[in-house]
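Trainee: Protein chains in written order, with the numbering used here: chain L, 1 to 362; chain W, 1001 to 1362.
One structure, as C-alpha cells, below. Some questions next.
Protein chains: 2
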Amino acid sequence: MCANGTSAVTLRMLADQLGLHVSTVSRALHGTSDESGRAASPATVERIRRLATELDYRPNPHAASLRTRRSNLIGVLVPRLSDIVLAMIYEGIEEAAAEHDLSTFVANTRDLPEIQRIRTDMVLARRVDGMIFGDAYVDARFLGEVAARGVPFVLVNRRAGDLPSVTCNDHLGGRLLGEHLLELGHRDVAVVAGEPYASTGIDRTEGFVSAYAEAGIEIPPRRIVRSPFDATGGRAAAEQLLADGRPPSAIFAVNDFAAIGVLGALRDHGLHAGTDIAVAGFNDTPLAAELPVPLTTVRSPMHEMGRRGIELLVRLLRGEQVESEQLRPELVVRVSTTGALLGGGSSGSKQGVARTHLHPPA
Amino acid sequence: MCANGTSAVTLRMLADQLGLHVSTVSRALHGTSDESGRAASPATVERIRRLATELDYRPNPHAASLRTRRSNLIGVLVPRLSDIVLAMIYEGIEEAAAEHDLSTFVANTRDLPEIQRIRTDMVLARRVDGMIFGDAYVDARFLGEVAARGVPFVLVNRRAGDLPSVTCNDHLGGRLLGEHLLELGHRDVAVVAGEPYASTGIDRTEGFVSAYAEAGIEIPPRRIVRSPFDATGGRAAAEQLLADGRPPSAIFAVNDFAAIGVLGALRDHGLHAGTDIAVAGFNDTPLAAELPVPLTTVRSPMHEMGRRGIELLVRLLRGEQVESEQLRPELVVRVSTTGALLGGGSSGSKQGVARTHLHPPA
DNA sequence: GTTAGCGACCCAAACGTTCGGGTAACGTTC
DNA sequence: GAACGTTACCCGAACGTTTGGGTCGCTAAC
C-alpha cells in the first residue's frame, strides 16, 4: 500500500468526480500555465486544483516515470558518508536537487573499485536519470566505461580525465598553504599526501610543492608520504615522518582529518603543534576551528561543490554542453601554524588563540 | 532514456525472441524456484535465464512498483548527514537495506520540525514502503501523526513515546560514565546535556545523574547545561560552566563533538583536559581516539543501530509485531579522564598515552 | 453561407510489469 | 474409456500517468 495508508487518490478519481477526462485533469495539474490553459478553461482548472488539494492528490511517480522514461532520480556515489567532507558535499547536492524536483540516492563505495562497479549497477538499475560521482579515481578508467554507456554524470570533489567535474581549485589551495608556510620561514617541510588515486591529494600536494619550488626549495621525496584520508592514516604518516632523525618544521596534511591524526602523533612525541612543529590541514571542516589547537587549513566550498554538481548535471540532462568548474579555496590561518609567533613557549599553557581568518603577519 | 543508453530490453523483447509469453518469462525470472518451476520447464527457464543475461535484461522498477504497489524504497530522515554519528548509522542502514534489496533515500531535516514535515511529505510522495527517522523529538507529536497516517516506520538513535525504535542504551551509557568518574574521585561534575528534545541527551544525562545520586551526590541544576550536539555548542556550554567561579573537576558531554568543543574551551582557559579537568564524551566516533588528548567516551554501536533499524522495519513491512531494541554501550577510557593518574603534570609534555580500552584503576 | 480558427475538452494508446485465471496435451488410475 | 492430475504454457486485465491526436460547438471572416 506504499506507506500512504488510505490516500491512493488517482487522476482518474479526480476526473470521475469532476465529470472530466483524466487527460484533462493531468494537463491542468501538471502542464505549466500555457499547457493547462490549452487543456481546460480557467474555471475548470481552478475546480480541478481545488479538488486535488482537497483530496490530497499525490501523483504516482512510478506511473509517471514508466510513461515518461524519466525518473527524476539522481544516483550519488561517495567513498563514505561518514567522511564529513563528502557528507557536506552531499548536503549541497541534496539541497540543490530538491530545488530542481529531483531526488537523490546515495551509496557508499569505500573507494573500492569493485564496490564502485556494484553500486553503479545498483543505482542504474533504479533507472536514475543521471549520476554524481564523489569517488573518482584519477585514471578515469571505470568512469570512462560508464560514460561510454551513455550515462550522464558529473564528478564532484575529485576530477578525472576530462570528465565534467566540480572541484575545489586544489592546486591553488596547496599553493596558498605553501606560501603561508614559506612566509613563516619554514624551509624543511613535509606533506601527508593522501591516496595516490585521488586528484584532491595529488593536486594539493602539487600546488604546495610548486610554491616551494618557486622559492627555490625542493621538497625531497622522503618528506612526502601517502596516507588514507582519515585521522588514523594521518597519525601513521606522521609517525613515519617523525621516525626520521630530523623531523620537518612543518607538516601539511592534505585533509583536516589526516591533520588531526598528525596532531595526535605529535602529542605522543611530546611535541606541541603550532609551537614545535607547524601543522596545516585542508577543507576547513567544522572541527578545525574547535580543536584544542585550532587548525590552519584551506577552506574548500564543500556545500557549494555539491550544489554546483547538481547544477551541472541538470544542464547535462537538458542536453547542454558543460564545462568543469573549479571553486576558489581560501586560506584560514589559525594557531596550529602561528603558535610560535604568539609567544606560547613549549610548555604552552594559557596561550593566545586566534581562531578565525587570522592573516599571516606581513 | 533513463541513463541506461541502449539497454531498454524488456520482458516482452525476451518473450518475443523466445516465442514465449511475457508472463512466462516474468515468472521464470522472478518467482522463486517453486514459482518458476510451475511456470515453465526447467529447460525453458534455463533458456530464458540465458537470454536475459545475454541481453543484459534489467527489470524496470517503476513498472514493477506500479503494478505491485511496492517500491522497495525506504525513506530515511536525519538531522544532518554531516553529523558523523548519523552518517555512520546511515551507513548501517544502507548496508542492511541493500541486503534486503531495498534502496534508501536520505534527507536532512536539521532537526527543525517544519523541515521534518516537508521532507516527510517529499519522501512519502516518492511512495516509499516505509521510513526510518533518526531525528525523533522525544514528545512524538509529529511522529504520532505520521503513525496515524499508517506509514510503517521505525526510529533509530533516538526513541520517542512507545514508537518502535533502535537506540543505544543511553541511560546505561551515562551511568557507566558516572561510575567511572566516581571511581576517579570526582565529586563536583558537570554535564553538557545536549538538546532537550532529543532522547539521547536526556537519557545519557539521566543515567549519569542517577549514578551520582546512588553515590549520594546530587548534581545541582547549574552544573547541567543544554547545548547543540556539535563542537561549537560544546564550547559555548563549557564557557558557561567555566564562567562559574569554581569550575567542576570533570565534564561529561553527551556527544563526542560537544566534548571536542569542551576540550577547545578548556585550552582557551589554559586548562589541560585530563589533568586539570577530566572530560568525557559519548559515541566513540573515530576521531575520539585520535585527538591530541584522546577522549574517554562511551562506544555506541552506530553502524549496528542502522542495521537493526532496517531489520525491524523489514519485519514491520511483513506485518509482524516488533519490539524496540536497546543496544549495549561500552565504556572506553582514555587520557582525557585519566591524565592526572598518569603522572603528566599541568605543564604536560611527553606524557604517557593510553588510547584504547584502558580500564579504570581498581 | 461556407469555412477557418479556436476554445475546451475527450479518446486511446502506450510505458513494462504482475498475477489470477485459463487451456491443451499428455499421462494415470480405476 | 471416463475422470482426473499434471505439466507447460498463454491470455489479458490491471497499475496511474502522459501525450499525440481527435471532435464538437461557437464566433468571425470572406
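C-beta atoms are modelled at their ideal positions from N, C-alpha and C, and glycine is treated no differently.
A quick note: this is a predicted structure, and the numbers were derived from the prediction, not measured.
Could you check how far apart the C-beta atoms of Val-1123(W) and Ala-1107(W) are, in whole angstroms? I think they sit under 8 Å.
Mentor: Their Cβ separation, rounded to whole angstroms, is 6 Å, which keeps Val-1123(W) and Ala-1107(W) in contact under 8 Å.
Trainee: Below 8 Å, how does it come out for the region 1181-1188 of chain W and the region 1088-1101 of chain W: are there three or more Cβ pairs, yes or no?
Mentor: Touching, no, given that fewer than three Cβ pairs across the two stretches are closer than 8 Å.
Trainee: Roughly how many whole angstroms lie between the Cα atoms of Glu-1323(W) and Arg-1069(W)?
Mentor: Whole-angstrom Cα-Cα distance: 26 Å.
Trainee: Give me the Cα-Cα distance between Val-1332(W) and Pro-1152(W), rounded to the nearest whole angstrom.
Mentor: Roughly 36 Å separates the two Cα atoms.
Trainee: Mind listing which residues of the region 1205-1225 of chain W have their C-beta closer than 8 Å to chain L's C-betas, in chain order?
Mentor: Against chain L - using a Cβ distance shorter than 8 Å - the region 1205-1225 of chain W contributes no residues.
Trainee: Quick check: what's the CA-CA separation for Thr-120(L) versus Ser-227(L)?
Mentor: In a straight line, the C-alpha of Thr-120(L) is about 26 Å away from that of Ser-227(L).
Trainee: Would Val-22(L) and Leu-55(L) be called neighbours here (beta carbons separated by less than 8 Å)?
Mentor: Result no, Cβ atoms of Val-22(L) and Leu-55(L) do not sit closer than 8 Å.
Trainee: Across which residues does DSSP place Thr-104(L) in a beta bridge pair?
Mentor: According to DSSP, which records beta bridges pairwise, Thr-104(L) is partnered with Ile-74(L).
Trainee: Starting from the Cα of Leu-1155(W), find the closest Cα among Arg-1223(W), Met-1131(W), Asp-1230(W) and Arg-1027(W) and give me that residue.
Mentor: Out of Arg-1223(W), Met-1131(W), Asp-1230(W) and Arg-1027(W), Met-1131(W) has the C-alpha closest to the C-alpha of Leu-1155(W).
Trainee: Taking only runs of the alpha helix (DSSP H) that begin and end inside the region 1190-1229 of chain W, which ones reach a length of at least 4 residues, in chain order?
Mentor: Counting only runs of 4 or more, we get 1199-1214.
Trainee: By Cβ distance, which residues of its chain are closer than 6 Å to Gln-326(L), with the 5 residues on each side in sequence left out?
Mentor: Within the same chain, Gln-326(L) has close Cβ partners Thr-167 and Asn-169.
Trainee: Does chain W have any CB closer than 8 Å to the CB of Ala-231(L)?
Mentor: Output row for Ala-231(L): interface = yes.
Trainee: List the DSSP bridge partners of Ser-1165(W).
Mentor: Its beta-bridge partners are Leu-1155(W).
Trainee: Looking at the secondary structure, which residues open and close the beta strand (DSSP E) in which Val-381(L) lies?
Mentor: Nothing about residue 381(L) can be reported from this structure: the residues present for chain L run from 1 to 362 only.
Trainee: Looking at the unbroken alpha helix (DSSP H) that takes in Leu-1066(W), where does it start and where does it end?
Mentor: Counting along the chain, the alpha helix (DSSP H) containing Leu-1066(W) begins and ends at 1061-1068.
Trainee: Residues of chain L with CB under 7 Å from Ser-1103(W), in chain order?
Mentor: Under the 7 Å cutoff, chain L gives Phe-105 and Arg-126.
Trainee: So, Ser-1082(W) versus Ala-87(L), is the Cβ gap smaller than 8 Å?
Mentor: The answer is yes: Cβ separation under 8 Å.
Trainee: Please state whether the Cβ-Cβ distance between Thr-1285(W) and Val-1085(W) is less than 8 Å.
Mentor: It is a contact, given that the beta carbons lie within the stated cut-off.
Trainee: Can you list the residues of chain L that Ile-1260(W) reaches, using a CB-CB cut of under 9 Å?
Mentor: By Cβ distance, chain L contributes Leu-287, Glu-290, Leu-291 and Pro-292.
Trainee: Do you know how far the Cα of Ala-231(L) is from the Cα of Ala-1265(W)?
Mentor: Their Cα atoms are separated by approximately 22 Å.
Trainee: What whole-angstrom Cβ distance do Thr-275(L) and Ala-340(L) have, given they're in contact under 8 Å?
Mentor: Between Ala-340(L) and Thr-275(L) the Cβ distance is about 5 Å, and since that is below 8 Å, they are a contact.
Trainee: Quick one: is His-1030(W) buried, meaning 16 or more other Cβ sit within 10 Å of its Cβ, or exposed?
Mentor: When all chains shown are included, His-1030(W) counts as exposed.
Trainee: Hey, how far is the Cα of Glu-1330(W) from the Cα of Arg-246(L)?
Mentor: For Glu-1330(W) and Arg-246(L), the distance between alpha carbons rounds to 41 Å.
Trainee: With a CB to CB cut of under 7 Å and the five nearest residues on each side skipped, what residues in its chain are close to Tyr-90(L)?
Mentor: Counting only Cβ-Cβ distances below 7 Å, and skipping sequence neighbours, we find Val-76, Val-78, Leu-81, Val-106 and Gly-306.
Trainee: Taking the beta carbon of Ser-1346(W) as the centre, do at least 16 other beta carbons fall within 10 Å, making it buried, or is it exposed?
Mentor: Low local confidence applies: a pLDDT of 38 at Ser-1346(W) is under 50, so the model's placement there is unreliable, with the coordinate-based value given in what follows. The residue is exposed, with fewer than 16 neighbouring Cβ atoms inside 10 Å.
Trainee: Identify whether Gln-1326(W) lies in helix, strand or coil by the three-state DSSP scheme.
Mentor: Reduced to three states, the DSSP call for Gln-1326(W) is strand.
Trainee: Between Tyr-1090(W) and chain L, is the shortest Cβ-Cβ distance under 8 Å, so that the two count as touching?
Mentor: True, the Cβ-Cβ gap to chain L drops below 8 Å.
Trainee: Cβ atoms of Gly-309(L) and Val-254(L): under 8 Å apart, would you say?
Mentor: Taking 8 Å as the Cβ cut-off, Val-254(L) and Gly-309(L) do not qualify as a contacting pair.
Trainee: Hey, how far is the Cα of Ala-1243(W) from the Cα of Val-1192(W)?
Mentor: C-alpha separation (whole angstroms): 14 Å.
Trainee: If you reduce the DSSP assignment to three classes, tell me which class Gly-319(L) lands in.
Mentor: Gly-319(L) falls in the coil class under three-state DSSP.
Trainee: Along the region 1040-1065 of chain W, where does the CB come closer than 9 Å to a CB of chain L? Name the residues.
Mentor: Residues passing the 9 Å Cβ filter: Arg-1058, Pro-1059, Asn-1060, Pro-1061, His-1062, Ala-1063, Ala-1064 and Ser-1065.
Trainee: Specify the secondary structure class of Leu-1331(W) as computed by DSSP and reduced to three states.
Mentor: Leu-1331(W) falls in the strand class under three-state DSSP.
Trainee: In chain order, what residues of the same chain lie with their CB nearer than 7 Å to the CB of Arg-1206(W), ignoring the 5 residues before and after it?
Mentor: Note that residue 1206(W) is Glu in the sequence shown here, rather than Arg. The answer, listed in chain order, is His-1171 and Gly-1174.
Trainee: Just verifying my parser: in three-state terms, what is the DSSP assignment at Ala-160(L)?
Mentor: Of the three classes helix, strand and coil, the one that applies to Ala-160(L) here is coil, per DSSP.
Trainee: Under the DSSP definition of a beta bridge, which residues are partnered with Gly-339(L)?
Mentor: Per DSSP, none; premise fails for Gly-339(L).
Trainee: Val-146(L) by DSSP, collapsed to three states: which one?
Mentor: Val-146(L): helix per DSSP, three-state reduction.
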